[in-house]
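**Student:**
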Amino acid sequence: MKNNGKRNVSSQGSTEFTGIKLSEPASFAAGPTAVKVALEHTFKEMGIFRALSTLSHMNQKDGFDCPGCAWPDPEKPSKLGEYCENGAKALSEEATTKRVDSSFFAEHSVEELSLWSDYHIGKSGRLTEPMLLKPGSVHYEPISWKESFKLIAKNLQQLDSPDEAIFYTSGRSSNEAAFLYGLFSRAYGTNNMPDCSNMCHESSGVALGETLGIGKGSVKLEDFYEADVVMVIGQNPGTNHPRMLSALEKCKVNGGKVIAINPLEEAGLIRFKNPQEIKGILGHGETITDIHLQVKINQDVPLLKLIIKKLAALDKKNGNVFDHDFIKTYTEGYEALLKDLEHYSESELLQFTGVSESDINEAVALLAEKKKIIICWAMGLTQHKNGVENIKECVNLLLLKGSLGKPGAGTCPVRGHSNVQGDRTVGIMHFVSEELNTAIEKTFGFKAPTKEGLDTVHAVKAMHDGKAKVFIGLGGNFVSAVSDTEYTAEALQNCALTVNISTKLNRTHLVTGKTALLLPTLGRSDMDLKDGKPRFFTVENSMGKVHRSKGILPPASDNLKSEPEIVGGIADAYFKGNHSVDWKNLSTDYELLREKMGMVLRGFKDVNNKSEGSGYYLPNNVRELDFSKLPNNRAQFSVCGLPEHKLSPDEFILMTIRSHDQFNTTIYGLNDRYRGVHNERRVVFINPRDMARLKLDKLDVVNLISTYDQKERKALKFLIIPYNIPEGNLASYYPETNVLVPYNQYANKSFTPISKSVVVTIEKT
381 MKNNGKRNVS
391 SQGSTEFTGI
401 KLSEPASFAA
411 GPTAVKVALE
421 HTFKEMGIFR
431 ALSTLSHMNQ
441 KDGFDCPGCA
451 WPDPEKPSKL
461 GEYCENGAKA
471 LSEEATTKRV
481 DSSFFAEHSV
491 EELSLWSDYH
501 IGKSGRLTEP
511 MLLKPGSVHY
521 EPISWKESFK
531 LIAKNLQQLD
541 SPDEAIFYTS
551 GRSSNEAAFL
561 YGLFSRAYGT
571 NNMPDCSNMC
581 HESSGVALGE
591 TLGIGKGSVK
601 LEDFYEADVV
611 MVIGQNPGTN
621 HPRMLSALEK
631 CKVNGGKVIA
641 INPLEEAGLI
651 RFKNPQEIKG
661 ILGHGETITD
671 IHLQVKINQD
681 VPLLKLIIKK
691 LAALDKKNGN
701 VFDHDFIKTY
711 TEGYEALLKD
721 LEHYSESELL
731 QFTGVSESDI
741 NEAVALLAEK
751 KKIIICWAMG
761 LTQHKNGVEN
771 IKECVNLLLL
781 KGSLGKPGAG
791 TCPVRGHSNV
801 QGDRTVGIMH
811 FVSEELNTAI
821 EKTFGFKAPT
831 KEGLDTVHAV
841 KAMHDGKAKV
851 FIGLGGNFVS
861 AVSDTEYTAE
871 ALQNCALTVN
881 ISTKLNRTHL
891 VTGKTALLLP
901 TLGRSDMDLK
911 DGKPRFFTVE
921 NSMGKVHRSK
931 GILPPASDNL
941 KSEPEIVGGI
951 ADAYFKGNHS
961 VDWKNLSTDY
971 ELLREKMGMV
981 LRGFKDVNNK
991 SEGSGYYLPN
1001 NVRELDFSKL
1011 PNNRAQFSVC
1021 GLPEHKLSPD
1031 EFILMTIRSH
1041 DQFNTTIYGL
1051 NDRYRGVHNE
1061 RRVVFINPRD
1071 MARLKLDKLD
1081 VVNLISTYDQ
1091 KERKALKFLI
1101 IPYNIPEGNL
1111 ASYYPETNVL
1121 VPYNQYANKS
1131 FTPISKSVVV
1141 TIEKT
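Heads up: the sequence shown begins at 381 in the working numbering, then just goes up one per residue.
#1: Is the beta carbon of F917 closer than 9 Å to that of Y867?
#2: Given this structure, state the Cα-to-Cα distance separating S1028 from F564, to the nearest angstrom.
#3: Can you tell me whether F732 is buried or exposed? The criterion is at least 16 other CB atoms within 10 Å of its CB, across all chains shown.
#4: Judging by CA-CA distance, which residue of F559, M979, S994 is the nearest neighbour of Q440?
#5: Have a look at T895 and D1006 and give me their C-alpha separation to the nearest angstrom.
#6: Can you list the alpha helix (DSSP H) stretches of 4 or more residues lying completely in the stretch 758-835, in chain order?
#7: Can you give me the Cβ contacts of M381 inside the same chain, cut-off strictly under 7 Å, excluding the 5 residues immediately before and after it?
#8: For D1077, is the classification buried or exposed, using 16 other Cβ atoms within 10 angstroms of its Cβ as the cut-off for buried?
#9: Are A557 and S942 closer than 9 Å when you measure CB to CB?
#10: Quick one: grab the DSSP three-state call for I523.
#11: V633 and I753 - do their beta-carbons sit closer together than 9 Å?
#12: Please go through the stretch 632-671 and give each complete beta strand (DSSP E) segment of 3 or more residues, from N-terminal end onward.
#13: Indicate the three-state DSSP secondary structure (helix, strand or coil) for M611 in the structure shown.
#14: Alpha carbons only, please: which of S1112, L872, T667 is nearest the one belonging to D845?
#15: Output needed for V415: all residues of its chain with C-beta closer than 6 Å, excluding positions within five of it in sequence on either side, in chain order.
#16: Out of I687, T1087, E945, R1055, state which residue places its alpha-carbon closest to the alpha-carbon of S725.
#17: In terms of alpha-carbon separation, which member of D608, C1020, H889, S598 lies closest to S489?
#18: I need the straight-line Cα distance from G585 to V794, nearest angstrom please.
#19: Could you tell me which residues DSSP puts in a beta bridge with F1065?
#20: With a threshold of 7 Å on Cβ separation, who are the neighbours of N698 within its own chain once the five nearest residues in sequence on each side are excluded?
#21: For N384 and G516, I'd like the C-alpha separation in whole angstroms.
#22: With DSSP as the reference, label D555 as helix, strand or coil.
#23: Going by the DSSP bridge assignment, what does T901 pair with across the sheet?
#24: For the stretch 620-628 against the stretch 590-600, are there 3 or more C-beta pairs whose distance is under 8 Å?
#25: What residue range does the beta strand (DSSP E) around R974 cover?
#26: Below 8 Å on the Cβ atoms is my contact criterion, and I expect Y1103 with F1131 to pass it. Report the Cβ-Cβ distance as a whole number of Å.
#27: Keeping to the same chain, check which residues put their C-beta closer than 7 Å to that of L601; ignore five residues upstream and five downstream.
#28: Give the secondary structure of Y996 by DSSP, where H, G and I count as helix, E and B as strand, and everything else as coil.
#29: Quick check: the stretch 542-560 against the stretch 843-857, are at least 3 beta-carbon pairs closer than 8 Å?
#30: Since S798 and P457 should fall inside the 8 Å C-beta cutoff, what is the C-beta to C-beta distance between them, to a whole number of angstroms?
#31: With a cut-off of 8 Å, do at least 3 Cβ pairs link the stretch 1054-1065 to the stretch 401-419?
#32: Does the structure place the stretch 670-679 close enough to the stretch 734-742 that three or more beta carbon pairs sit under 8 Å?
#33: What separation, rounded to the nearest whole angstrom, lies between the Cα atoms of T434 and L694?
#34: According to the Cβ coordinates, are D1041 and L1034 closer than 9 Å?
#35: Going by the DSSP bridge assignment, what does E1143 pair with across the sheet?
#36: Only counting the same chain, and skipping five residues up and downstream in sequence, which positions put a Cβ closer than 6 Å to that of K1094?
Dropping the structure here:
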């Protein structure tokens, strides 16, 4: 990219191919191969003994929380190992024996490193000491912690307004670190607290908040074991949340059924071979999906409307398909919902979906008979222009069936990063909560700002426009995670100072402001010691349970600090002891910090004790069928419109996806064995009929182009892969395709980028 006199760095890295090999897509997930691959990764990065001893403590009650996804742990974790293949990979990345120190940065400039692939950058190793990139320099150099904090404080003090600072948070952060970070941001004077949930489940939070009164799911893990039907929509648990397959397996064994709604038929939803059971090692395993509705990308609302319309017709005949007692007692808007359905014919809705009517009728027949229904979803529903309405249509179905507030039923947005939900719970949010502000003033003695802050996409725009000049990232890989890669990179480079608090090197550390700081912190698996005694922190899983996490490994360096200590160090340097909050003491005494959290946050009273063992559930009004915060004290039905995609004959809808060898922007390897792609990431999956229409052959090299607001964005050099995907649809890995996602195209109300429905054309090279 051209940087107008700035450091000549690349925001995307290498576009060279790495030697693709193809095989047939897998017909099952996990099994012995998953164990083999997991151990290969951990042994290579950690050593055999260290890997085995550390894995045995992951997701155990006396151990540490997986640094990967947020799937909950069972009450009685498996002693054989409560982790999956991708969890083991996440640990091996964090606990690697490789190191990135001052000698590494002396040898490699940021310009050189930026030309590496994300995979190559991530494999460099753990950061070991604070590093400074001075204006005009292309090499990081060491800096002390004290000087780092002074430099940040100086830059914050020089801003004309607190709103010129951005405080970004990743889902990796602990509850304690995130709470303290949010407290400092408010004490500094801004609500500019974008976080990674803006990019993923913000649509879920908005939709659930407006319809059910809480921006979280309502189910517990045990509900899966009792469910009659689990609908998995826009989600690939086999890769993104593999331990979920164990819960689905128990559902099936207990007589439950699974309906999968997704444009791709994913291996994990075909069959699961549990590596902890004989039938998973030697046998066939468990067939997971009973009905697969292969919907076209972002045609979930038409599909759900059609299902509801058919259910309504059945209910009109016999009156027992919908739960009318529940509807009458707890809901509002039922008549308007039915009236809206009259505007659509079944044939019209069917045509939008691309699904056969016989398959839909089979799903309708199943749902008509059942009451205990769980609907799970992930980015396949949230990252669209109508992402909020996608979720609301799911809620409509659950309300009609009375599938809330009872065992085996409810909403289940499956969160990605392991504490992204906890971050929001403890106060990381750009909008204003009067309740939180009042509690902060009462507990800490200062008034929090009342002006709404910036979410992620608006923070990027503010930096790009020169209206925000300091960026601080508590974890994450901002430039690779956020949409519109080139635009985001330019935004960061406009800043006077960028600060990243991280465990490992990533691309955001190379695409920086004029001055950049790299502050190394402890990982989940690292021991966090004070006066030689180990400390624990807390996290919240995807189902609202708060529990402890305590690392066991010696830190990667003696020069690391914990996230709370780093936040406290910045705050102490900024306020110089002249503030109502004792930042230094609060950041080092976790017990005291949690006591203060209990005074401010609903559900956190006595968290020091309640978090022990398997932890405790936070309050959830849906579980109690308490809708008192909603209009007329009732859950809300929603009238949702259909998505609008006006495509020309040469245009496709592209969804960005993960390979099986990655977690978010962390690339573990170059294989996606479930989809039959090996040693390559620059691929695009396409229906064979579309290939024939465009006269494309397998492994042809193409560019992908999106055009929004008369601006052309290109993702260069991708290999064509014929695949079982609906016609007119494409799929390709991110972050490589984030460059195609425009920064100003996002979901209504939630501002979540449209990463799952980008209109593109294909250019053969």
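Every residue gets a Cβ at the ideal spot worked out from N, C-alpha and C, and that includes glycine.
**Tutor:** The structure says:
#1: no
#2: Rounded to the nearest whole angstrom, the C-alpha separation of S1028 and F564 is 50 Å.
#3: buried
#4: When only C-alpha atoms are compared, the closest one is S994.
#5: 50 Å
#6: Listed in chain order, they are 759-762, 767-781, 800-805, 814-824.
#7: Note that M381 has pLDDT 41, beneath the 50 cutoff, so the model's placement of it is unreliable and no number is given.
#8: exposed
#9: yes
#10: DSSP, reduced to helix, strand and coil, places I523 outside both helices and strands of the structure shown, so it counts as coil.
#11: No.
#12: 637-641, 651-653
#13: strand
#14: Of S1112, L872, T667, the smallest CA-CA separation from D845 is found for L872.
#15: P655
#16: I687
#17: H889
#18: 12 Å
#19: I1101, A1111
#20: Same-chain partners within the cutoff: there are none.
#21: Low local confidence applies: a pLDDT of 45 at N384 is under 50, so the model's placement there is unreliable, and no value is given.
#22: Reading off the sequence, residue 555 comes out as Asn, not Asp. It is helical.
#23: K941
#24: no
#25: Per DSSP, R974 is not a residue of any beta strand (DSSP E); the alpha helix (DSSP H) it occupies stretches across 970-980.
#26: With a Cβ gap of about 31 Å, Y1103 and F1131 do not count as contacting.
#27: P452, P454, A627, M923
#28: strand
#29: yes
#30: That belief does not hold up - the Cβ atoms of S798 and P457 are roughly 15 Å apart, past 8 Å.
#31: yes
#32: yes
#33: 54 Å
#34: no
#35: N1083
#36: N1083, I1085
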